[in-house]
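These protein sequence lines map, in sequence, to chains A and B.
The numbering of the first sequence is the working numbering, which starts it at 1 and goes up by one.
The numbering of the second sequence is the working numbering, which starts it at 1001 and goes up by one.
Step one of this worksheet: look at the structure below.
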Amino acid sequence: MNAPLLEVSTLSRNFGGIAAASEVSLELARGEVHAIIGPNGAGKTTLVSLLAGELRADSGAIRFRGETITNMPVHARAQRGLARTFQITSIFPEFSALENVAMAIQAHAGHSFRFWRPVTQNAILQQGARNALEQVGLAGIPERNAGEMSHGEHRLLEMAMALATQPALLLLDEPAAGLGPEETTAMVAILRGLRQDKGILLVEHDMDVVFAIADRITVMVSGRTIATGSPEEIREDENVRKAYLGDGVDEGA
Amino acid sequence: MRQLVQKPPGRYWLVFAAVLVLLLAPAAIAYLDQPFYLDVLMRLMILAIAASSLNLILGYSGMISLGHSVYIGIGAYAVGIPAYYDQYNGLLQLALALGGAGLFALVTGLICLRTRGAYFIMITLAFAQMMYFTFVSIEEYGGDDGLVIYARSDFAGLYDLENNVRLYYLVLGCLLLTLLLVHRIVNSHFGMVIRGAKSNDRRMQAVGFPTFRYRLTCYVISGMICGLAGWLMGNFTGFISPEMMDWTRSGELIAMVILGGPGSLFGPAIGAAVFILMETVLAEVTIYWHLYLGLLLILVAKFGRGGLGGLFQRNRGTP
C-alpha cells in the first residue's frame, strides 16, 4: 500500500570511461535504515551525490516520496525533505554552533528575502537550533565557534543540522568516520533514536555500526550493487564474502 | 571569538564622535574659510558609500568585483545625460541612477555569478570595460572628453543642491543611510544567507537554500547603492567622463575596502577616508603618493587582518 520513501532505479553515472555508478537500484522505506557498504572506490559517495543532487545521473531515475527528483537541483531536494551529512565535514566554520543549526532551520522556514530584522530576533530559529543541538548532545556549547570544535563535535553538529530541518530522509556519508569508540557509541545511539519516523541511507565503513543499526544492507563493488538483503543474509552471502568482507581484500581497505 | 552575527559595533563613542565631526565640519570650514576641505570631505564620503556597497559583495559575500566603479559611472551619467537635454529633475535622475545601476547589476550578475574566484573577477572587469568603451564611443555625450554638468539635480526648489553645504549634508545623510542599510542587511535573514554562501556555498545548497538568487539580489543591491554614490558624484563634480568607470577606479575601491577591513561595517568608510587623506596630503608632497598607499596596503594585508576598521569594532566580522 505504501510506496517506498526512496526508489532508485537503474541509476548510472560515468566519469570518463569509468562507471562510478552502474545501474544501481534500491529502495528505502520510512523507518528503515538502509546501509550501503563496499570497498573504497565502489561508488558509495557517488551514489550519495547522485541522490543529493550534486551529481546528475546519466540515466536511471530517483523517486522520492512519490515524486521524480532525478533532475532536481540540490536545494529543491533539500526543500522536499532530503537532508545529508558529508563524508568530509562540511559546516560553516566562522559561525557559532547555534548559528550553524539555525541556518539549516532558516532554509526550511520560508524564503529569506527579509532584509531588516536581525535574524537573532527570530525565536523559532533560535529555539529550534537549541533543541537540535540538545538532541545530539551538544547543548552545552551553542556559542562556540564551529571552526574551533573537535572533529567528533563536527560530526554531531552536521547531524544536528540535518535533523533540525526535520527531514524525511537522511543521507549519511560515513557519520562515524574518524570518531573514537565512545563517540561512535553515542552516534549509534542517536541513529537508533531517529529511525522510527525517518528513512536513513547510511554509507559507513565501520561494520560494527552497520550491523548494529541497519535493517537492510546493499553491497556495492565497482559501481554495481552485488547484493541486497538483511544483515544476516549479507553476512552469509558468498559473493559478498568474496568481494568484500574477507577472502583477499583486493581493492584496498 | 569571532562571531558572524555581529553585535552592534562596540565603540559607539568613536562613531558618535565621527558623525559629530562630520556634522560640524561645514561650520568649521566656513569659519576657517577653507572651502577646499568641504570638497575633500564630500569626495571622501561619496567614495565611502561606494566602498561600503562594494563591501556588501566583497566582504560579506566573498565576490571580488573588479568592475564596481562602473556603477559610479552609471549614476553620474544618470545626472549628466538628462542634464545634456536640459532635464534636471532630481527624482528622475535619481530613479535613472538606481534603476540603471540595478538593471546593469541584474543582467551582468546573471552571468558573473555563475563563475567563481578569478573568473568572477575577470568577468566583472570585462563588463565594466565594455561600459567604459561604450561611453568612450558615444560622441554625442562627449566620448572620451566627457560631459560638463551645468546644473545640479533639482528638487523643485525644495532642497537646493547648488549650495555646497546643502549638498554636503545630503551626501552625509546618504552615507549614514547606507551604513544603516548595510548593518541591517548583513544581520538580517537575508544577510545570514549571503554570509553563509560565502562561508560554504555547497553546504548552503545542501540545507536547502537556492543561494544563486540571494547572491544575485545582493549583487543588485550593492550595484544600486553604488549607483547612488555615482548620482552624488555627478552632482558633486559637475562633470562626468568614462574615466570614472575605468578599472583602475574599481581597483581603488577594492583598496579602500581592504584597507579598512572587508566584512566590517565601518571599514570601507575608514578605508576611503585614509585613501582620500593620503591622496590629499601626500599628493602635495610627491606625485608618487601611490607608493606610500601601496606600502600601507602591504602592511595592512600582512599584519592587520581585519583592516583598520577593526579599531571600531570589538566583534569583527569575517576577516
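By construction, the Cβ of each residue, glycine as well, lies at the ideal position given by its N, Cα and C atoms.
Just so you know, these numbers come straight off a predicted model, no measurement behind them.
- For the alpha helix (DSSP H) that A/Ile226 lies in, which residues bound it at each end? That residue, A/Ile226, is in no alpha helix (DSSP H); its beta strand (DSSP E) goes 224–229.
- Given a threshold of 16 other Cβ atoms within 10 Å of its Cβ, counted over all protein chains shown, does B/Ser1137 qualify as buried or as exposed? exposed
- Message: Since B/Gly1251 and B/Gly1307 should fall inside the 8 Å C-beta cutoff, what is the C-beta to C-beta distance between them, to a whole number of angstroms?
- Response: Going by Cβ atoms, the distance from B/Gly1251 to B/Gly1307 rounds to 17 Å, so no, they are not a contact pair.
- Query: Beta-carbon of A/Arg155 versus every beta-carbon of chain B: anything under 9 Å?
  - Reply: no
- Task: State yes or no: is the beta carbon of A/Val74 nearer than 9 Å to at least one beta carbon in chain B?
- Result: yes
- Item | Residues near A/Val119 by beta carbon distance below 8 Å, same chain, minus five either side | Ala102, Gln106, Leu125
- So the alpha helix (DSSP H) A/Ile220 belongs to, where does it begin and stop? Position check: residue 220 of chain A holds Met in this sequence, whereas Ile was assumed. In the DSSP assignment, A/Met220 falls outside any alpha helix (DSSP H) and lies within the beta strand (DSSP E) extending over 216–221.
- Where the alpha helix (DSSP H) containing A/His75 begins and where it ends: 74–79
- Using a Cβ-Cβ distance under 9 Å, would B/Pro1210 count as near chain A? yes
- Message: Does the structure place the stretch 167–184 of chain A close enough to the stretch 121–135 of chain A that three or more beta carbon pairs sit under 8 Å?
- Response: no
- Message: Please confirm whether A/Arg84 has its beta-carbon closer than 9 Å to some beta-carbon of chain B.
- Response: yes
- How would you list, in chain order, the residues of chain B whose beta-carbon sits under 8 Å from the beta-carbon of A/Ile91? Within chain B, the residues Asn1200, Arg1203 have their CB atoms less than 8 Å from the CB of A/Ile91, given in chain order.
- Message: I'd like to know whether the C-beta atoms of A/Ser90 and B/Ala1206 end up nearer to each other than 9 Å.
- Response: Closer than 9 Å, so yes.
- Task: Could you pull out every residue in the same chain whose Cβ sits closer than 8 Å to the Cβ of A/Ala253, ignoring the five residues on either side in sequence?
- Result: In this predicted model, A/Ala253 has a pLDDT of only 39, less than 50, meaning its place in the structure is not dependable; the value taken from the coordinates is given anyway. Correct list, in chain order: Pro39, Asn40.
- Message: For A/Ala146 and B/Leu1147, I'd like the C-alpha separation in whole angstroms.
- Response: 53 Å
- chain B beta carbons: is any one of them nearer than 9 Å to that of A/Gln106? yes
- Query: Does DSSP put B/Leu1167 in a helix, in a strand, or in coil?
  - Reply: helix
- Task: Assess, as a yes-or-no matter, whether the stretch 1055–1066 of chain B is touched by the stretch 1201–1219 of chain B under the definition of 3 or more beta carbon pairs within less than 8 Å.
- Result: Under the Cβ criterion (8 Å, minimum of three pairs), the stretch 1201–1219 of chain B counts as touching the stretch 1055–1066 of chain B.
- Item | Proximity winner among A/Leu6, A/Asp58, A/Gln135, A/Arg216, relative to A/Gly16 (alpha-carbon distances) | A/Asp58
- Item | Straight-line Cα distance separating A/Arg241 from B/Arg1215 | 50 Å
- Would you list the residues sitting across from A/Pro118 in a DSSP beta bridge? B/Ser1188
- Within chain B, the residues that A/Met339 reaches when beta carbons sit closer than 9 Å: Outside the shown range of chain A (1 to 253) lies residue 339 of chain A, about which nothing can therefore be said.
- Could you confirm whether any beta carbon from chain A is found closer than 9 Å to the beta carbon of B/Gly1206? Note on identity: in this sequence residue 1206 of chain B is Ala, with Gly being the wrong assignment. Yes, because at least one Cβ of chain A sits closer than 9 Å to the Cβ of B/Ala1206.
- Cβ shell of B/Met1278 (< 7 Å), same chain only, five flanking positions each side left out: The answer, listed in chain order, is Trp1289, Tyr1292, Leu1293.
- Residues of the stretch 1215–1228 of chain B whose Cβ lies closer than 9 Å to any Cβ of chain A, in chain order: Thr1217, Ile1221
- Using alpha carbons as the reference points, say which of A/Asp215, A/Ala139, A/Gly199, A/Glu32 lies closest to A/Leu170. A/Gly199
- N-terminal and C-terminal residue of the beta strand (DSSP E) that A/Leu11 is part of: Annotation for A/Leu11: the continuous beta strand (DSSP E) segment containing it runs 6–15.
- Task: Take A/Pro4 as the anchor and find which of A/Leu11, A/Glu27, A/Ala21 has the nearest alpha-carbon.
- Result: A/Glu27
- In angstroms with no decimal places, state the Cα-to-Cα distance between B/Gln1327 and B/Arg1114. Here chain B has residues from 1001 to 1319 only, and residue 1327 of chain B is not among them.
- Query: Who are the neighbours of B/Val1193 on chain A, taking C-beta pairs under 7 Å?
  - Reply: Ser112
- Query: Should A/Asn122 be flagged as near chain B, meaning a C-beta pair shorter than 9 Å?
  - Reply: Chain B contact via Cβ: present.
- Short CB-CB distance (under 9 Å) between B/Gly1196 and chain A: yes
- Query: In chain B, which residues lie with their C-beta within 7 Å of the C-beta of A/Phe115?
  - Reply: Near A/Phe115 (Cβ distances below 7 Å), the residues of chain B are Arg1184, Ile1185, Ser1188, Phe1190.
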